[in-house]
Structure formats: C-alpha cells, structure tokens
Amino acid sequence: MNSSKLIQAPCRYSFSKEEARELAEQTLAKLEQHKVSANPIHFTLFFELLTSINPNIAEQVEHALKFNTYNDDSARVMFNALWNEIITHSLHSEEFSEIVDNLILYIDNWIKAAQNKSDKISTEVEQVSQLSTAQEMVDRLKSNVLPAIESYQSETHALQEHIQDSSAEIIRLKKELDKATAIAKTDELTNIPNRRGFNEIIAHAMKEANEKQSSFALLVLDIDYFKKVNDTYGHLVGDSILRYLAKSLHNETKGKDSIARIGGEEFVAILPSTSYDSALKLANTIREKIASRPLHVKNNANPITLTISIGVAMFQLNETLDSLFTRADKCLYMAKSNGRNRVYGEAEL
Numbered sequence: 001m002n003s004s005k006l007i008q009a010p011c012r013y014s015f016s017k018e019e020a021r022e023l024a025e026q027t028l029a030k031l032e033q034h035k036v037s038a039n040p041i042h043f044t045l046f047f048e049l050l051t052s053i054n055p056n057i058a059e060q061v062e063h064a065l066k067f068n069t070y071n072d073d074s075a076r077v078m079f080n081a082l083w084n085e086i087i088t089h090s091l092h093s094e095e096f097s098e099i100v101d102n103l104i105l106y107i108d109n110w111i112k113a114a115q116n117k118s119d120k121i122s123t124e125v126e127q128v129s130q131l132s133t134a135q136e137m138v139d140r141l142k143s144n145v146l147p148a149i150e151s152y153q154s155e156t157h158a159l160q161e162h163i164q165d166s167s168a169e170i171i172r173l174k175k176e177l178d179k180a181t182a183i184a185k186t187d188e189l190t191n192i193p194n195r196r197g198f199n200e201i202i203a204h205a206m207k208e209a210n211e212k213q214s215s216f217a218l219l220v221l222d223i224d225y226f227k228k229v230n231d232t233y234g235h236l237v238g239d240s241i242l243r244y245l246a247k248s249l250h251n252e253t254k255g256k257d258s259i260a261r262i263g264g265e266e267f268v269a270i271l272p273s274t275s276y277d278s279a280l281k282l283a284n285t286i287r288e289k290i291a292s293r294p295l296h297v298k299n300n301a302n303p304i305t306l307t308i309s310i311g312v313a314m315f316q317l318n319e320t321l322d323s324l325f326t327r328a329d330k331c332l333y334m335a336k337s338n339g340r341n342r343v344y345g346e347a348e349l
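Its first residue numbered 1, the sequence shown is counted upward by one per residue in the UniProt record's numbering.
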C-alpha cells in the first residue's frame, strides 16, 4: 500500500486546529459526563457523536447512551463498523478513480494521435490523386498511405484492449466493493445484519408498507443481565451466547422476516404482514424457548439460565423510524422495569 492511500482516512476530519481542539475538549467533557474512559475507541465514537459526520454512527451512539446499553462491547461493535467503512470507502474510491483517470488520459491521447494520423492520411491520399501515373500512385500508397493506415489500426486495437482491461478491472473493483459493502452491513460476530444493515432493511419495509397501506411489527430484544454473564464467565462465553441468540432468532423467524444485531446485546426483528397479536405471540414463543434451554458452560457445573426481554410496536403509516423505534424501545424498557424475562407491547404503554 502506498503512502497516498494511507493519507485518505484522516481527511475525514477536516477541521482547523482551533475547531479540532474545541471538539476534543467537548468530547472529553462528554466522556466525563457519562463516566466513560477516554480510550481511543470511546473517544472516536463520542467525537463522531458530536460532529455527526456519519449520522448512522452518531445515532447508534446516542441511542446506546440514552438506553444505557453503551459499554465496551457495544462500543467495539460500532467502532469496527465505522473503521471498516472508512477504510473500504477510502481505498476503493482511490483505486477506482485511478483506473478511470488513466483510461480517460489514454483515450484523450489516442484521440489526439488518431486525429494527426487521419489528417496525414487525408493529405497523402490527396497527393496520390495528383500523381500522373498509376505506378507512382501505387508506390506512394505502399510507402506512405498503407503504413499510416496500419499504424492507425494497430493503435485502435490497442485502445480496444486497454478499454477491455480497464472494464474488467472496474468490474473486479465493483465486486470487491459490493462484497465490502455487504461486510460493512453484517455483524462480524453473529453474521446477521448490524445496525447499518437494519437501517437499510427497515427503510425498505417502511417504504413498502406506506405504498401498500399496510403495517409490520418491530421487536426489540435485549439479553437480561448480560453484563453479569460477561463478568462471571468471560467474553468468550458472552460471544457464544450472542451467536446462540442470533441463531435462535433466525430459526424462529421465516419468509420476509428480518433480524439484526444493533448493539452489544440488543437485537431486533422486523415482521412484515404480521398483526399485533401475532407479533406478541411470536415474541413470547421466542422468549419462552430461550428461557427453557439452560446453556452449559465447559468446565462449569452451573448452567446459564438465559432470559430476554422484548418490546413490540407496530408501524404506523408515514411515521419516522425514530418514532417507531422509540415506542418499541419504551416497551423494552417497561419489560425490563417490570421484572425482565417478559414481553411488553405498545398497547400497554
């Protein structure tokens, strides 16, 4: 990787020294306000929150702080997504631009050379037509005109090959970019959509619901006492539990249903063409199945009894994502406030 590529990511923050210093002070103050250590990961995320350079990341951080789900684990997830986006956008944009710029330059040079050769051929043909004998015409054609035509054809063929090579390279880059984009929308631990992927999925669901004058259910799920599990059994066991829950949600949903991990231990499920009562029923089925399966930990005699709390809300025509998500989150908060291991629907608010 050359040095020019290494310079691209920092250009994300184009502030003057005075602005940067002021923002840094505000970031440190906000970290202190929320009693969060000022390590590079937390500092970066709080800086993003204050600047809103990436509204998606800023929204995630704000949401996590608002509902007390901001911790080292959720911060790591958000930071990884942010860094992946920065690097992916920087490297692919530069490489793509370089290929296109080189192709344009090559075509421009070819056009200039082709025009010169075309003028030369026209001049030679005009001079041939003025010769008095057939032999003189043949000799002049062989010595001057034909070589110019052959050179023109050769350069045209070279241009075609250059365009084909560049097209192949652009297609390769597009495939890589598509793959990187998919990765950026996927939670690396559970292999299901992350917050960015969720935003895209639910935006489509809202658009479709508005067009069809229909609704869908949103479930927001949170693992009860997950911090205690991490503290007791370690992060490896905690990661295994997150993967287990993702797999369980995948098994319980089907068809057009979608799931995502949007924070440390917070998941969502989008259920198109589902009534409120059906959504409550499915949420309770998921909750009961999770609670009924003790999880055995290697080298530990005591199994983990895992429980989850779930909030349920229905999409209302033409409402915003923030409005829908706030209701579902309030339901989740009520489920946790009323003893956890329960489902709380918006009709109870």
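C-beta atoms are modelled at their ideal positions from N, C-alpha and C, and glycine is treated no differently.
Bear in mind that the values here come from a model prediction, so they are computed numbers and not experimental data.
Between the alpha carbons of residue i and residue j, how many angstroms are there, rounded?
i           : j           : result
residue 214 : residue 261 : 25 Å
residue 2   : residue 17  : Note that residue 2 has pLDDT 42, beneath the 50 cutoff, so the model's placement of it is unreliable and the number below is only indicative. Answer to the nearest angstrom: the Cα atoms are 27 Å apart.
residue 217 : residue 243 : 23 Å
residue 125 : residue 148 : 11 Å
residue 129 : residue 140 : 10 Å
residue 184 : residue 146 : 56 Å
residue 177 : residue 334 : 42 Å
residue 41  : residue 24  : 14 Å
residue 348 : residue 338 : 12 Å
residue 39  : residue 302 : 35 Å
residue 248 : residue 331 : 22 Å
residue 329 : residue 179 : 32 Å
residue 283 : residue 173 : 42 Å
residue 10  : residue 250 : At residue 10, the pLDDT of 43 sits below 50, so the modelled position is not reliable and the matter cannot be decided from this model.
residue 190 : residue 240 : 9 Å
residue 273 : residue 77  : 31 Å
residue 166 : residue 175 : 14 Å
residue 20  : residue 26  : 10 Å
residue 201 : residue 257 : 10 Å
residue 354 : residue 291 : What the structure shows of the chain is the stretch from 1 to 349, and residue 354 is not part of that stretch, so it cannot be assessed.
residue 133 : residue 112 : 34 Å
residue 22  : residue 171 : 44 Å
residue 336 : residue 67  : 11 Å
Should residue i be labelled buried (16 or more other beta-carbon atoms within 10 Å of its own) or exposed?
i           : result
residue 57  : buried
residue 345 : buried
residue 320 : exposed
residue 299 : exposed
residue 6   : Caution is warranted here: a pLDDT of 37 is assigned to residue 6, below 50, making its placement in the model unreliable, and the coordinate value is therefore given only provisionally. Exposed, because fewer than 16 other Cβ atoms sit within 10 Å of the Cβ of residue 6.
residue 194 : buried
residue 4   : For residue 4, the predicted model reports a pLDDT of 39, less than 50, meaning its position is unreliable; a value from the coordinates is still stated below. Exposed, because fewer than 16 other Cβ atoms sit within 10 Å of the Cβ of residue 4.
residue 138 : exposed
residue 60  : buried
residue 188 : exposed
For a quick check, are the C-beta atoms of residue i and residue j less than 9 Å apart?
i           : j           : result
residue 62  : residue 49  : yes
residue 229 : residue 237 : yes
residue 306 : residue 327 : no
residue 317 : residue 203 : no
residue 255 : residue 69  : no
residue 169 : residue 110 : no
residue 15  : residue 44  : no
residue 296 : residue 73  : no
residue 54  : residue 82  : yes
residue 308 : residue 259 : no
Give the single residue among the options whose Cα lies nearest to the Cα of residue i.
i           : options            : result
residue 310 : 98, 320, 223       : 223
residue 225 : 52, 340, 76        : 340
residue 269 : 303, 70, 315       : 315
residue 287 : 318, 257, 245      : 245
residue 278 : 343, 47, 29, 109   : 343
residue 47  : 67, 75, 68         : 75
residue 143 : 164, 121, 161      : 121
residue 36  : 281, 52, 71        : 71
residue 161 : 29, 106, 22, 252   : 106
residue 271 : 127, 30, 313       : 313
residue 252 : 227, 196, 285, 280 : 285
By the three-class DSSP mapping on this structure, what secondary structure does residue i have?
i           : result
residue 240 : helix
residue 326 : helix
residue 303 : coil
residue 186 : strand
residue 55  : helix
residue 294 : coil
residue 313 : strand
residue 267 : strand
residue 345 : strand
residue 261 : strand
residue 223 : strand
residue 113 : helix
residue 15  : coil
residue 50  : helix
residue 67  : coil
residue 218 : strand
residue 192 : coil
Taking only beta-carbon positions, decide if residue i is within less than 9 Å of chain D.
i           : result
residue 106 : Protein chain content of the structure displayed is limited to a single chain, and chain D is not contained in it.
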